[in-house]
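Read through the structure below, which is laid out as structure tokens, and then see the notes.
Numbering (the working numbering), first residue to last: 881 to 999.
Written out as structure tokens, the structure reads:
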């Protein structure tokens, strides 16, 4: 079963962090070709929409575990920002993580994605 996951960030530098996360995930060999940057529709008078979501297409073969580990590693590698919040959405479920612990974030993402496979 294919599952699309959307990752949203809320931080003091949201757009920069989204770009950084997107590039990080694209660098993960098993996620290559599965990661897209999604822009919002432009408001009247704007030339283009803002970058707001990283979308990852997951399939079989443990890709969810790769995503969880990669996000956790990215969290560990960045400078601290206590306002960082990650929202992961797939189908009708949403997981929101306050990124205080990369290990905790990894475990939560894995459990969330395991539930996605159980549908």
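Quick reminder that beta carbons are idealized off the backbone N, C-alpha and C, glycines included.
Since residue i sits in a beta bridge, which residues does DSSP pair it with?
i	result
residue 967	888, 976
residue 934	887, 917
In chain order, what residues of the same chain have a beta carbon less than 8 Å from the beta carbon of residue i, not counting five sequence neighbours either side?
i	result
residue 974	967, 968
residue 945	990, 993
residue 952	982, 983, 985, 986, 989
In chain order, what residues of the same chain lie with their CB nearer than 6 Å to the CB of residue i, ignoring the 5 residues before and after it?
i	result
residue 886	933, 935, 969
residue 895	931
residue 888	933, 967
residue 914	936, 937
residue 958	none
Shortest alpha-carbon distance to residue i belongs to which of the options?
i	options	result
residue 918	938, 883, 902	902
residue 912	976, 939, 890	939
residue 898	948, 954, 922, 976	954
residue 949	927, 923, 904, 972	904
residue 965	927, 900, 892	892
Check for me: the alpha helix (DSSP H) holding residue i runs from which residue to which?
i	result
residue 956	943 to 957
residue 900	894 to 906
In its own chain, which residues sit with a C-beta less than 7 Å from the C-beta of residue i, not counting the 5 before and 5 after it?
i	result
residue 910	943, 946
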